[in-house]
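Chemist:
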């Protein structure tokens, strides 16, 4: 069971690779250096898209969790998708933080500043690290799915509160460049194109990895059920009777 | 019985167990005071640093206390199939949630009362702006008890519950720590006006997570 047709997945992987190479060429060589920040600003082409994709990934996790909890759409597909997407969200959030830190050092003079958006992103990272930890706790699939779906939604509800609370701290971060209230982009030409290319490349990469991670999740579940079947068989043979065992515990259990 | 009577029944049960076992009184409260003492070792008490950062230290200690109180609130039902008893009691799951959260809130209030005396005496903090101070504390306590109980039932019954609870709960309650600390700082320094937005935020947090807890507690209890 896969999310995408293997052929589409392969095409997607190639497209992601090509667009990432194009992004590297545009970001490093074609786009001009920033008037104030010179070459350091080139990190924007990675930093901003990875932040957006992280939000997208958490959005997908929240939506899939809601669809799992809603009885009419309940399916293990949503659970796996939520887990796969959260993992990518954590990955992209970590990348955002690391690249932001690398960018902050030459521009602000510090690796880290206690600015609203930085702190929100860091809290976001830990919220979903917790969620992933919960997903690793062994439990029957349905139990785990329901528990994780609720946890994902609670974390999602918390995000705006975290955002508003830390926003009341004075802000040192540069203001949003593209999605300003008037939606009037402040960057133009090649730089804007490179940024959008970054968004495209990261989106393709996200969908490609999501598909792979989803497949891995189904394989893990398969393995678990096969091990269970094997354990039951061994017990039955070991007891020398045809009676099924009363209770079989698999894995490290709860 | 209506919702609140049922909740009172559950809270009464938890508090009665507490009154007899005295875990809060003999373990959680002394723990809070020890943490205050350790803060004095970590931060030089002679330069007035402690007085300045007392609100933050106070709320960090309360967060630690929340972890212990929540862990305790669910470990009392771990034995003798008591959680099954709760499930089969026929009480509304929202009432179960409210009752358990209320018991945790009462224990936290006791911890906060003691810690307040602690920061006044040990850290030389003068309490001003009592109205926002009290309201912020009440809202923060309700918020912490509600989120704590929600994550408590999520982790209850798992082998890894002691290590899982902090990593799940602490990021979620980060705004409570921030809001309560800022509200206390503003009140103590005499600019109560700055405290009110934070009190509002804490109030919203408390209401929101009480609501979520009432909805989610039933399904989570079934699975625990």
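Chains as they are written, first to last, in the working numbering: chain G, 10 to 263; chain H, 13 to 236. We put the CB at the ideal spot given by N, CA and C, even for glycine.
Distance, Cα to Cα, residue 101 of chain G vs residue 125 of chain H?
Modeler: So the two alpha carbons sit approximately 43 Å from each other.
Chemist: Closest by CA to residue 135 of chain H, which one among H/19, H/226, H/47?
Modeler: Of the candidates H/19, H/226, H/47, the one whose C-alpha sits nearest the C-alpha of residue 135 of chain H is H/47.
Chemist: Around the C-beta of residue 50 of chain G, are 16 or more other C-beta atoms found within 10 angstroms, so that it is buried, or is it exposed?
Modeler: Burial call: buried.
Chemist: For residue 72 of chain G, which residues in chain H fall below 7 Å Cβ to Cβ?
Modeler: Within chain H, no residue comes near residue 72 of chain G; the closest Cβ sits about 17 Å away, beyond 7 Å.
Chemist: Roughly how many angstroms separate the alpha carbons of residue 26 of chain H and residue 113 of chain H, rounded to a whole number?
Modeler: Roughly 10 Å separates the two Cα atoms.
Chemist: Hey, is the segment 116-131 of chain H in contact with the segment 173-189 of chain H, meaning 3+ C-beta pairs nearer than 8 Å?
Modeler: Cβ pair count under 8 Å is below three, so no.
Chemist: Go ahead and label residue 45 of chain G buried or exposed: buried means 16 or more other beta carbons lie within 10 angstroms of its beta carbon, across all protein chains shown.
Modeler: Residue 45 of chain G is exposed by the Cβ-count criterion.
Chemist: For residue 47 of chain G, which residues does DSSP report across the bridge?
Modeler: DSSP output for residue 47 of chain G lists G/43 as bridge partner(s).
Chemist: Thinking C-alpha only, which one of H/83, H/193, H/221 is nearest residue 209 of chain H?
Modeler: Nearest C-alpha to residue 209 of chain H: H/193.
Chemist: Compare the C-beta of residue 98 of chain G against all C-beta atoms of chain H and say whether one is closer than 8 Å.
Modeler: No - not a single Cβ of chain H is within 8 Å of the one on residue 98 of chain G.
Chemist: For chain G, check one thing: does any of its Cβ atoms lie closer than 8 Å to the Cβ of residue 150 of chain H?
Modeler: Closer than 8 Å: no.
Chemist: Strictly below 7 Å CB to CB, what residues from chain H border residue 142 of chain G?
Modeler: Going along chain H in sequence order, the residues near residue 142 of chain G (Cβ under 7 Å) are 176, 179.
Chemist: Counting along the chain, where does the alpha helix (DSSP H) carrying residue 187 of chain H start and finish?
Modeler: Unbroken alpha helix (DSSP H) run through residue 187 of chain H: 186-200.
Chemist: Would you check if the distance between the CB atom of residue 219 of chain G and the CB atom of residue 97 of chain G is smaller than 8 Å?
Modeler: Contact flag set, yes.
Chemist: With a floor of 4 residues, list each alpha helix (DSSP H) that falls wholly inside the segment 65-125 of chain G, ordered by position along the chain.
Modeler: Counting whole runs of 4 or more residues, the segment 65-125 of chain G contains the alpha helix (DSSP H) stretches 85-117.
Chemist: With 16 as the cutoff for other CB atoms within 10 Å, does residue 175 of chain H come out buried or exposed?
Modeler: The residue is exposed, with fewer than 16 neighbouring Cβ atoms inside 10 Å.
Chemist: State yes or no: is the beta carbon of residue 124 of chain G nearer than 8 Å to at least one beta carbon in chain H?
Modeler: Chain H contact via Cβ: absent.
Chemist: Between residue 106 of chain H and residue 221 of chain H, which are expected to be in contact by the criterion C-beta below 8 Å, what is the C-beta distance as a whole number of angstroms?
Modeler: Actually they are not in contact, since the Cβ atoms of residue 106 of chain H and residue 221 of chain H sit about 13 Å apart, beyond 8 Å.
Chemist: How about residue 90 of chain G and residue 73 of chain G: do their beta carbons lie closer than 8 Å?
Modeler: Taking 8 Å as the Cβ cut-off, residue 90 of chain G and residue 73 of chain G qualify as a contacting pair.
Chemist: Please report the distance separating the alpha-carbon of residue 141 of chain H from that of residue 204 of chain H.
Modeler: Between residue 141 of chain H and residue 204 of chain H, the C-alpha separation is close to 6 Å.
Chemist: Measuring only the C-alpha atoms, how far is residue 263 of chain G from residue 40 of chain G?
Modeler: Any answer about residue 263 of chain G is weak, because its pLDDT of 42 lies below 50 and its placement is not dependable; what the coordinates show is given next. Cα-Cα distance, rounded: 54 Å.
Chemist: Using a Cβ-Cβ cut-off of less than 9 Å, give me the residues of the segment 67-94 of chain H that come near chain G, in sequence order.
Modeler: Result list empty, no residue passes.
Chemist: Measure the CB-CB distance between residue 161 of chain H and residue 225 of chain H and report whether it falls below 8 Å.
Modeler: Contact flag set, yes.
Chemist: Quick check: the segment 212-221 of chain H against the segment 170-178 of chain G, are at least 3 beta-carbon pairs closer than 8 Å?
Modeler: At 8 Å Cβ cutoff, the stretches touch.
Chemist: With 8 Å as the threshold, decide whether the Cβ of residue 174 of chain G is near any Cβ in chain H.
Modeler: By this cut-off, residue 174 of chain G is an interface position.
Chemist: Would you say residue 165 of chain G faces chain H, with C-beta separation under 8 Å as the test?
Modeler: So no, residue 165 of chain G is outside the interface.
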